[in-house]
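Here the structure comes first, spelled out in structure tokens, and everything after it is commentary.
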Amino acid sequence: MTTESPRWFKSSYSNNGGNCIEVAANVPGIIPVRDSKDPHGPRLNLTAEAFAGLVAFAKSHG
Numbered sequence: 222m223t224t225e226s227p228r229w230f231k232s233s234y235s236n237n238g239g240n241c242i243e244v245a246a247n248v249p250g251i252i253p254v255r256d257s258k259d260p261h262g263p264r265l266n267l268t269a270e271a272f273a274g275l276v277a278f279a280k281s282h283g
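Per my numbering, the sequence shown starts with residue 222, numbered consecutively.
Here you go:
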């Protein structure tokens with residue numbers, strides 16, 4: 222089994238203010254989420270359902 226390193230990205234709607242999260246969509250079974258200010262810090266490993274909930278919450282709270 223080969224393990225691929227996460228390929229992190231942030232939204233094209235992000236500015237350079239540093240208050241962003243990054244996600245990696247190339248990890249099977251989970252969606253890792255991390256703070257863009259601390260790329261070596263902790264990350265959340267979310268299911269697709271949990272990530273969809275996070276996005277819905279963020280959209281509804283501006």
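For glycine and all other residues, C-beta sits at the position ideal for the given N, C-alpha and C.
Bear in mind that the values here come from a model prediction, so they are computed numbers and not experimental data.
Taken through DSSP and simplified to helix, strand or coil, E270 comes out as helix. According to DSSP, E243 shares a beta bridge with R255.
Counting only residues of its own chain and dropping the five nearest sequence neighbours on each side, F272 has a CB closer than 6 Å to the CB of I252. Sixteen is the threshold: since fewer than 16 other Cβ atoms of the shown chains lie within 10 Å of the Cβ of E270, the residue is exposed.
Between S257 and E243 a beta carbon distance of about 5 Å is seen, short of the 8 Å cut, so the two are scored as contacting.
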